[in-house]
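Asker: Quick mapping for you: the protein sequence lines, in order, are chains A and B.
Under our numbering, residues 233 to 455 are what the first sequence spells out, in order.
Under our numbering, residues 30 to 656 are what the second sequence spells out, in order.
My questions will all concern the structure given below.
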Amino acid sequence: MSQVNVTINGEHIKAVEGMTILEAAREAGIFIPTLCHHGHLDAYGSCRLCVVEIGEGERKRVVASCLYHISEGLVVETETDKINNYRRIILNLLMHRWDNIPVILLEKYGAKNHSRFVDNMTYCILCGLCVRYCRDVKGANVLGFVGRGTIRQVVIFPNQAAKYCPTCCPKEMECLHYCPTGVISSQYYGSRPADGQKLPHAHPVCINDDVNILEILERVGHV
Amino acid sequence: MTRLTSISALEALRKEIISRRDPARLKVSVCSGTGCRAYDCDKVIDRLKSGISHHGLSEKVEVVTTGCHGFCELGPVMAIYPEGTSYFKIKPEDVEDIINDTLSQGKLVERLLYVDPEGQVQAKERDIPFYKYQNRVVFGNNHYIDPEHIEDYLALDGYCALAACLGGMTPEEVLETVKKANLRGRGGGGFPAGRKWETTRNAPGDVKYVIVNADEGDPGAYMDRSILEGNPHSVLEGMLIGAYAIGAHKGFIYIRQEYPLAVENLNRAIGQMRALGLLGENILGSGFDFEIAVHRGAGAFVSGESSALMSSIEGKVGEPRPKYIRTSISGVHGCPSDLNNVETWANVPIIFNKGVDWFTSIGTEGSKGTKIFSLVGKVNNTGLVEVPMGMTLHDIIFKIGGGIRDGKKFKAVQTGGPSGGVIPEDMLDLPVDFDALTLVGSMMGSGGMIVMDEDTCMVDVARYFLEFLADESCGKCVPCREGITQMLHILKMLCAGKGKPEDIDVLQEVAAMVKECSLCALGQSAPNPVLSSLKYFRAEYEAHVNDKCCPAHVCKELISYHIDPAKCKGCGKCLRNCPVNAISGSKKEPHVIDLDKCTKCDTCFMVCPPKFSAVTKLSGSETLPAV
């Protein structure tokens, strides 16, 4: 792997070819906010909080730093007015799904609750960390996405859960630690289902739901 | 059919097919595209066939069931060649007259002829304004080809271009020809096809793919469908030429499941090719091998996006992935994959048959050749039109489209489907050209063209398109998913009269972010309907916010129905038809609508006789004219 020279926020940095902008920046101690990125998992590019501007003059454009690979001579700016403004809007949008976004992020970008937006407080920002961990690292596919567009959600497939969750870590699912909003763990201690309730094919993982992973496991006789 | 093992065998077959045809024989071409099928053209065709044999005309007349002719407004459509006599809106009972008069005696059936807006009867296809101003390079052969018979395609120089490429040109020469023709992608982006081919050809890797994008999903657009239904071999031939130039031996056709006739015709065409040795190993003895797999989409608009389409072909969820490395370098299964739209592929054989110079003589500096549009909405002549690039929107809508319905006023035209933008009246002189349309905030798109009249509310239009996109976004990235949700919410508020002054700025702010930060082209172009309508019709947004007024009288929450006492003659029609009994009044006295009961169903407005037009919609501070 050869070294390449890149400029981030005016600073000349040597980095390894093939790295993403995010990796190179973090190695150099430059902060770029992320919500859907995790070092253990492949980059996914869904939260778009990590957007940066690359290039100069007319060729300047906005890219997701977690996915864009650096090359010799690349010029990156991570905190322009435009980028910070976009981050503010993205955080504003997410606040209507998750009202517990770390204050440090909200304050840094000046994001405030927007009265003109509609709330959809599911506490799930669809970052896909749990799904990707379960699928890519554990190969279990207990969690998955269903639905498209604005009704997309993370669901748990009980049959898969019965098969894999007990071997993963029966008392505390590893996927919980990946969830940035804590929605999966809050599920974990949720209320009991009504008697005689049927086992669903797939169950949404979100705050409004009253069945949790543990209960599903109980009902299929694994806990 | 025997397998052809050489180019000369193909030419011999072509000669034999042509020699079997009697040029004096009348050719009755009846459209059997999806549009005309909906008008029961099947019955017309059945009657025609049985009538012809009953009258003993089979020697003299041949019936060809073809794909779409384009003039869908007036279906079922028929054209009788060589004269080109055209009949429209044919009912099964008209067939007897067509046989007795036209086919037996050469007389016209007047009542089925086209009458132009000036009242002139036009018997010949070429004199009808709808056809006259078009340049049907890609689409024209639809009139002569029965998509079930490969012979029809062969008779019209079918697979000539392929033979020329395989027989006398190196892949590099083929590539150069397409580059020189400056064929740009007809799917919307307008990226030069030759350059895309070159990238795929030069990309490292032994296995390469060529793909036809037939996942046409824009509301109201059906160009690709009609090409595949009517002339599938033109697309397949283009694909083979592309594969030869690129060095690919496997191709995919990604087609919507919702196009059953296109799938059927395509699969049949592929079967015919295989039987003739135009597919498989050692095609026409050239040593070139190629196979095609048809992949049917499961109804996701986003799967028309290149990376989502390729995920779908791999059997995964049709979800876009980042394209900082292009699909022409790393596509299906990580192999270099060249994806072009149906219409782009259909243009390829034409370039070789007619020559680069001929092709580049059509169109503008930057956009060569023709483009097919589906002209729909409030226009008189709904249908598919193929025009040279550079024709003005005005000519398309007024010369070919015959102007706006019911004598209403033109307001705007939406090009490029939900990802495109609206173009106002003062820009009608704009030439249709990839770059010109992008410059004004719209795009060529795959060719949807929705014409809107004065009764269209632009805020409502933006809301409609965002509603479509909210359903069709894959939901992966935040800007597209959350941004569209909130923009749609605000637009709904505006339409419901709950807009606030800051809403327009919020819309603009969110739209700008969605445009730049979204993962794929769907998200990046999703704000276009909002941004372009805001740019050209801002006053209408402001009226919704500040005056709670919908100037076009569309947004139900902002309008109320009234009866003008000066015009109402008390005929009682509205009173009888009102479903909620909100109208009262005695005979021959002006009626009154009880606004508390009124559900704004529009019935009274529709039934009020035009000679009175007493029912009026009012919005905002509008009042009835003083008596």
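All C-beta atoms in this analysis are idealised placements derived from N, C-alpha and C, irrespective of residue type, glycine included.
In this text, all values refer to a predicted model and were calculated from it rather than measured experimentally.
#1: Would you say ILE322/A lies against chain B (beta-carbon separation less than 7 Å)?
#2: Taking a Cβ distance cut-off of 7 Å, strictly less, list which residues of the region 211-236 of chain B are near chain A, in chain order.
#3: Closer than 7 Å by C-beta to GLY62/B: which residues in its own chain qualify, once you throw out the five before and the five after it? Chain order, please.
#4: In whole angstroms, what separates the C-alpha of ALA296/A from that of VAL284/A?
#5: Who does ASN370/B pair with in a DSSP beta bridge?
#6: If you compare alpha carbons, which of THR373/B, GLN443/B, HIS582/B, VAL144/B is closest to LEU265/B?
#7: Just verifying my parser: in three-state terms, what is the DSSP assignment at GLY242/A?
#8: Would you say PHE349/A reaches chain B, if we count a Cβ-Cβ gap shorter than 7 Å as a contact?
#9: Within the same chain, show all residues whose beta-carbon is closer than 7 Å to that of ASN345/A, passing over the 5 residues directly before and after it, in chain order.
#10: Only counting the same chain, and skipping five residues up and downstream in sequence, which positions put a Cβ closer than 8 Å to that of ILE588/B?
#11: In the DSSP assignment, what are the bridge partners of ASN237/A?
#12: Look up MET107/B in the DSSP assignment and say whether it is helix, strand or coil.
#13: Once the 5 residues before and after SER332/B are set aside, which same chain residues still bring their CB inside 7 Å of it?
#14: Under the three-state reduction of DSSP, which class applies to CYS65/B: helix, strand or coil?
#15: Using a Cβ-Cβ distance under 7 Å, would PRO639/B count as near chain A?
#16: By Cβ distance, which residues of its chain are closer than 8 Å to VAL138/B, with the 5 residues on each side in sequence left out?
#17: Contact between the region 353-363 of chain A and the region 316-330 of chain A: three or more CB pairs below 8 Å?
#18: Is the number of C-beta pairs between the region 487-506 of chain B and the region 378-387 of chain A that are closer than 8 Å three or more?
#19: Beta-carbon within less than 7 Å of HIS518/B's beta-carbon, same chain only, minus the 5 sequence neighbours each way: which residues are those?
#20: Whose CA, out of ILE429/B, THR411/B, VAL405/B, lies closest to the CA of LYS161/B?
#21: If the cut is a Cβ gap below 9 Å, which residues of chain B does HIS301/A touch?
#22: Please report the residue range of the beta strand (DSSP E) in which PHE439/B lies.
#23: Return the Cβ separation of THR399/B and PRO460/B in integer angstroms, given the expectation that the two are a contact with Cβ distance under 8 Å.
#24: Taking just the CA atoms, how far does VAL166/B sit from THR389/B?
#25: Spatial neighbours of ARG424/A within its chain, please: C-beta separation below 6 Å, excluding the five flanking residues on both sides.
#26: Quick one: any contact between the region 190-207 of chain B and the region 62-76 of chain B, if contact means 3 or more CB pairs under 8 Å?
#27: Tell me the rounded alpha-carbon separation between GLY470/B and ALA555/B.
#28: So, does the CB of LEU548/B fall closer than 7 Å to a CB anywhere in chain A?
#29: Please confirm if GLY381/A has its CB atom under 7 Å from at least one CB of chain B.
#30: Below 7 Å between beta carbons is the criterion; list the residues of the region 260-291 of chain A that meet it against any residue of chain B, in chain order.
#31: Beta carbon of ILE533/B, beta carbon of TYR570/B: below 7 Å?
#32: Quick one: does TYR318/A have its CB under 7 Å from some CB of chain B?
#33: Using a C-beta cutoff of 7 Å, does LEU325/A count as contacting chain B?
#34: Can you tell me whether DSSP reads THR399/B as helix, strand or coil?
#35: Hey, VAL405/B and MET478/B are a contact pair by Cβ (cut 8 Å); roughly how many whole angstroms apart?
#36: Any Cβ of chain A within less than 7 Å of the Cβ of HIS573/B?
Answerer: On the basis of the supplied data:
#1: On the first sequence, position 90 is the one that residue 322/A refers to. Yes, contact with chain B.
#2: none
#3: The residue given as residue 62/B occupies position 33 in the second sequence. Taken in chain order, the residues that qualify are GLY96, CYS97, SER255, GLU258, GLY259.
#4: As a working note, residue 296/A is residue 64 in the first sequence. As a working note, residue 284/A is residue 52 in the first sequence. Cα to Cα, the separation comes out at about 6 Å.
#5: In the second sequence, the residue the question calls residue 370/B occupies position 341. In the DSSP output, where bridge partners are listed per residue, ASN370/B has ASN242/B.
#6: Taking the first residue of the second sequence as position 1, residue 265/B is located at position 236. Selected option, being the one with the closest Cα: THR373/B.
#7: Here the question's residue 242/A lines up with position 10 in the first sequence. Reduced to three states, the DSSP call for GLY242/A is coil.
#8: Taking the first sequence and counting its residues from 1, the one referred to as residue 349/A is at position 117. With 7 Å as the cut-off, PHE349/A counts as an interface residue toward chain B.
#9: Taking the first sequence and counting its residues from 1, one reaches residue 345/A at position 113. The answer, listed in chain order, is MET327.
#10: By 1-based counting over the second sequence, the position of residue 588/B is 559. If we look at ILE588/B and ignore the five residues flanking it on each side, its Cβ neighbours are CYS579, HIS582, LYS629, LYS646, LEU647, SER648.
#11: Translated into positions along the first sequence, residue 237/A becomes position 5. Its beta-bridge partners are LYS246/A.
#12: Within the second sequence, the letter at position 78 stands for residue 107/B. Residue state, collapsed to three classes: strand.
#13: Residue 332/B sits at position 303 when you count from the first residue of the second sequence. These residues qualify, in order along the chain: ASP244, GLY326, LEU338, SER341, GLY347.
#14: Counted from its first residue, the second sequence places residue 65/B at position 36. In the structure shown, CYS65/B sits in a helix (DSSP, three-state: H, G or I).
#15: Within the second sequence, residue 639/B is the residue found at index 610, counting from 1. Not an interface residue.
#16: Within the second sequence, the letter at position 109 stands for residue 138/B. Correct list, in chain order: TYR116, ASP123, ASP126, ILE127, ASP130, THR131.
#17: yes
#18: yes
#19: Translated into positions along the second sequence, residue 518/B becomes position 489. Once the five neighbours on either side are set aside, HIS518/B has no close Cβ partner at all.
#20: In the second sequence, residue 161/B corresponds to position 132, counting from 1. Among ILE429/B, THR411/B, VAL405/B, the Cα nearest to that of LYS161/B is on ILE429/B.
#21: The count along the first sequence starts at 1 and reaches residue 301/A at position 69. Those are TYR353, ILE354, listed as they occur along chain B.
#22: Residue numbering aside, residue 439/B sits at position 410 when the second sequence is read from its first letter. Run containing PHE439/B: 439-444, per the beta strand (DSSP E) assignment.
#23: Locating residue 399/B in the second sequence gives position 370, counting from the first residue. Locating residue 460/B in the second sequence gives position 431, counting from the first residue. About 13 Å separates the two Cβ atoms, so there is no contact after all.
#24: Here the question's residue 389/B lines up with position 360 in the second sequence. Here the question's residue 166/B lines up with position 137 in the second sequence. Rounded to the nearest angstrom, the two C-alpha atoms are 13 Å apart.
#25: Indexing the first sequence from 1 puts residue 424/A at position 192. Its pLDDT being 32, under 50, ARG424/A is placed unreliably by the model, and the measurement read from it follows with that caveat. Closer than 6 Å at the Cβ level, and outside the excluded window around ARG424/A, lies no residue.
#26: no
#27: Within the second sequence, numbered from 1, the residue matching residue 470/B stands at position 441. Within the second sequence, numbered from 1, the residue matching residue 555/B stands at position 526. Using only the alpha carbons, I get a separation of about 12 Å.
#28: For the purposes of this step, residue 548/B is taken as the residue at position 519 of the second sequence. So yes, LEU548/B belongs to the interface.
#29: Taking the first sequence and counting its residues from 1, the one referred to as residue 381/A is at position 149. Yes, its Cβ sits closer than 7 Å to a Cβ of chain B.
#30: GLY277, SER278, CYS279, ARG280, VAL283
#31: Along the second sequence, read from residue 1 onward, the residue named residue 533/B stands at position 504. Along the second sequence, read from residue 1 onward, the residue named residue 570/B stands at position 541. It is a contact, given that the beta carbons lie within the stated cut-off.
#32: Taking the first residue of the first sequence as 1, we reach residue 318/A at position 86. Yes, its Cβ sits closer than 7 Å to a Cβ of chain B.
#33: Counting from 1 along the first sequence, the entry for residue 325/A is found at position 93. Yes, its Cβ sits closer than 7 Å to a Cβ of chain B.
#34: Working through the second sequence from its first residue, we reach residue 399/B at position 370. If DSSP states are grouped into helix, strand and coil, THR399/B belongs with the strands.
#35: Sequence index remark: in the second sequence, residue 405/B carries index 376 (1-based). Sequence index remark: in the second sequence, residue 478/B carries index 449 (1-based). About 7 Å; that satisfies the 8 Å criterion.
#36: The count along the second sequence starts at 1 and reaches residue 573/B at position 544. So, not an interface residue.
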